[in-house]
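Participant: Same order as they appear, the protein sequences are chains Z and P. What the first sequence shows, in the working numbering, is residues 1073 to 1331, in sequence order. What the second sequence shows, in the working numbering, is residues 211 to 377, in sequence order. Glycine included, every Cβ here is placed at the ideal spot set by N, Cα and C. Got a structure for you, written out below as structure tokens; questions coming shortly.
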Amino acid sequence: VIDPIADALDAFVPAFESAYADWAAVLRAAAPLSSDTPADDQSGRRFFGARRRKSLLVVAVAAAALAAVMAATPAWALVRDVLPFWGQPVASQPDQRAFAELNIGAPSGMSPEVVAGDTREVAHGEYGGTTRTLWVAPAKDGGFCELWQPGGGGCTTGAILLPLGWTAMSFPRGFQGSQYAGTEWISGFAMMGTVSDVVIRFSDGTSVHPQIIWVSAPISAGFFFENVPSSSEQANVTEIDAYDANGKLVRRDAIPPMG
Amino acid sequence: MAAGEQRAGVLAEIEGVYRSRLPKLLRVAAAISGSREAAPDLVQEAFVRAIRRLDSFRHEGPLEGWLWRIVVNVARNGQREPLTTALPEELPVADTSTAGAAQAEVALVLSRLSERQRLVLFLRYYADLDYAAIAEALSISTGTVGATLTTARAALAQALEAKEATL
């Protein structure tokens, strides 16, 4: 059925295909200006942006790191292939500072209380055509903050934690003019004990079960990142579903269609 | 539940709305403000205000409706130019003159509707909100939403038909 009004409105403002949900930037911007804030970070918007680029010579692919720590991992962890958080490489000072700045001047009761000094590397690899590192730091009152370098990130902290969070990354290709060039990769997290499997569904009917890197306490969550297959680059990511160990749907995030 | 936990829970809900509705939020902000480029900043500003005013959320209605109301208000305040003059430069669709012309025509038609009619249309079509959610977002009754949507659709359809007829 052709709806001329819908067609007209589509022409007026085409859909924003998938957008980069930079929740950390929102929290950062919600914080009052602080004299302690570094001069290069006054905008707030770019807090979780590309702060630095790690050398491409750094070889610490997630799988290799996982294999290394698994050798010294107790049996309980092997059951679920859980990455022991404290056994992971410690973040450099600049990366720790990127997390610490999340706490600076946050509105009362809104600071993620991230423990920047405990930041650890969880994954390292090529996503969206760029070599990136995923850093994760625990929060004092539960939850964690995650940050891709280069890239972006966010926080899930506090007494009530979302079972699933995700971001559809479109950079570095991004928009070509005003035309969306397609999602390049999907990054997200799933809470351990609540979620066992994640399914990313595309409008062409295909779907993927991204590999999830489960990380031990104090993080107690899994992180997934999936390069969107080239055949699906122009397809919509329509849904991201999370299932528990019994296959029961625990979270369904429907994503608006591309225009 | 302690106040801190409740606050954290509401913040988590806000984050959930932000993450799951962002493309729709951007589209509505772009439509209201007349600027696709400004939409990300407007949406961010709206959520910043929501966080700062968390204590003003009274739990008397759905949180998402409250958030949409803030987005609408911020986007309205961020409207830079009258709708008809904001196009096509501010809302580029594609690098084709056909798309740009179609966009400008729709903008002209929309400019003849009342602001309430436009807002109801945007929230219904771009955000896919039901009548209750639109009512919450615009602080009007669901009956008013229905009536406004009906008249807006009729006016828009009539204007589009008239346009077709002149081509």
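(1) Can you check which of these residues, P/Arg263, P/Ala240, P/Val316 and P/Ile242, is closest to P/Arg217 by C-alpha distance?
(2) Looking at Z/Phe1171 and Z/Val1186, is the spacing between their C-beta atoms short of 9 Å?
(3) Are the beta-carbon atoms of P/Val227 and P/Arg259 separated by less than 9 Å?
(4) Among P/Gln327, P/Ala372, P/Glu374 and P/Leu366, which residue has its Cα nearest to the Cα of P/Thr354?
(5) Please return the same chain residues whose Cβ sits closer than 6 Å to the Cβ of P/Ile280, not counting the five positions on each side in sequence.
(6) Take P/Phe267 and list the residues in its own chain whose beta-carbon comes closer than 6 Å to its own, dropping the five residues that flank it on each side.
(7) Tell me which residue opens and which closes the alpha helix (DSSP H) that Z/Asp1276 is part of.
(8) So for Z/Asp1313, helix, strand or coil by DSSP?
(9) For Z/Glu1256, is the beta carbon positioned less than 8 Å from some heavy atom of the ligand ZN?
(10) Residues of the stretch 233-244 of chain P in Cβ contact with chain Z at a cutoff of 9 Å, in chain order, please.
(11) Below 8 Å on the Cβ atoms is my guess for Z/Thr1310 versus Z/Phe1274; work out the distance and round it to an integer in Å.
(12) Taking 8 Å as the threshold, find out whether the stretch 320-339 of chain P comes into contact with the stretch 235-250 of chain P through three or more Cβ pairs.
(13) Count the other CB atoms within 10 Å of the CB of Z/Gln1221; is the residue buried (16 or more) or exposed (fewer)?
(14) With the cut-off set at 9 Å, would you say Z/Ile1285 and Z/Leu1099 are in Cβ contact?
(15) Around the Cβ of Z/Ile1074, are there at least 16 other Cβ atoms within 10 angstroms (buried) or fewer (exposed)?
(16) Pick out the complete beta strand (DSSP E) segments inside the stretch 1155-1210 of chain Z, 3 residues or longer, and give them in chain order.
(17) For P/Val319, which residues from the same chain have a beta carbon less than 8 Å from its beta carbon, with the 5 sequence-adjacent residues on both sides left out?
(18) Ordered along the chain, which non-local residues of its own chain (more than five positions away) have a Cβ less than 8 Å from that of Z/Ile1077?
(19) Could you please give me the residues that DSSP links to Z/Thr1239 through a beta bridge?
(20) Exposed or buried, P/Trp278, counting other C-beta atoms within 10 Å across all chains shown (16 or more means buried)?
(21) With DSSP run on the structure shown, which of helix, strand or coil describes P/Leu323?
(22) Sort out for me which residues DSSP pairs Z/Thr1229 with in a bridge.
(23) For a contact defined as C-beta to C-beta under 7 Å, what are the partners of Z/Gly1230 on chain P?
(24) Please say whether Z/Ala1211 and Z/Pro1235 have beta carbons closer to each other than 9 Å?
(25) What are the boundary residues of the alpha helix (DSSP H) that Z/Glu1298 is part of?
(26) Who does P/Ala345 pair with in a DSSP beta bridge?
(27) Just to confirm the assignment, what range does the beta strand (DSSP E) spanning Z/Ala1326 have?
(28) Leaving out five residues before and five after Z/Ser1268 in sequence, what residues of the same chain have Cβ atoms less than 7 Å from its Cβ?
(29) Closer than 8 Å, Cβ to Cβ, to anything on chain B: give me those residues from the stretch 1078-1089 of chain Z, in chain order.
(30) Compute the Euclidean distance between the alpha carbons of Z/Gly1215 and P/Glu247, then round it to the nearest angstrom.
(31) May I ask you to report which of helix, strand or coil DSSP gives P/Asp265?
(32) Can you pull the chain Z residues whose beta carbon is under 7 Å from the beta carbon of P/Ser230, in chain order?
(33) Excluding the 5 residues preceding and the 5 following P/Leu232 in the sequence, name in chain order all residues of the same chain whose CB lies nearer than 8 Å to its CB.
(34) Of all Cβ atoms in chain Z, is any one closer than 9 Å to the Cβ of P/Glu225?
(35) Under 9 Å, Cβ to Cβ, is there at least one residue of chain Z near P/Tyr341?
(36) So if I threshold CB-CB distances at 7 Å, which residues from the stretch 250-262 of chain P count as touching chain Z?
Facilitator: Well, looking at it:
(1) Ranking P/Arg263, P/Ala240, P/Val316 and P/Ile242 by Cα distance to P/Arg217 puts P/Arg263 first.
(2) yes
(3) no
(4) P/Gln327
(5) Ala256, Arg259 and Ala260
(6) Trp276
(7) Neither: Z/Asp1276 is in no alpha helix (DSSP H) and is coded neither H nor E.
(8) strand
(9) The model on display carries no ligand, and the ligand ZN is accordingly not part of it.
(10) Pro233, Lys234, Leu235, Leu236, Arg237, Val238, Ala240 and Ala241
(11) With 8 Å as the limit, Z/Thr1310 and Z/Phe1274 qualify as a contact, their Cβ atoms being about 6 Å apart.
(12) yes
(13) buried
(14) no
(15) The residue in question, Z/Ile1074, is exposed, as its Cβ has fewer than 16 Cβ neighbours within 10 Å.
(16) 1192-1199 and 1202-1210
(17) Leu366, Ala369, Leu370 and Lys373
(18) Close CB contacts of Z/Ile1077 within its chain, under the 8 Å cut and outside five residues either way in sequence, are absent.
(19) Z/Ser1259
(20) Buried: at least 16 other Cβ atoms inside 10 Å.
(21) coil
(22) Beta-bridge partners assigned by DSSP to Z/Thr1229: Z/Gly1215.
(23) Ala218, Leu221 and Ala222
(24) no
(25) Z/Glu1298 -> not in any alpha helix (DSSP H); beta strand (DSSP E) instead, spanning Ala1293 to Asn1299.
(26) Answer is none; P/Ala345 lacks a bridge partner.
(27) It spans Leu1321 to Ala1326 - the beta strand (DSSP E) in which Z/Ala1326 sits, taken as one unbroken run.
(28) Tyr1315, Asp1316 and Ala1317
(29) As a matter of chain content, chain B is missing from the structure shown, whose protein chains are Z and P.
(30) 33 Å
(31) helix
(32) Asp1325
(33) Contacts found: Val253.
(34) yes
(35) Chain Z, which has no Cβ nearer than 9 Å to the Cβ of P/Tyr341, makes this no.
(36) Gln254, Phe257, Val258, Ile261 and Arg262
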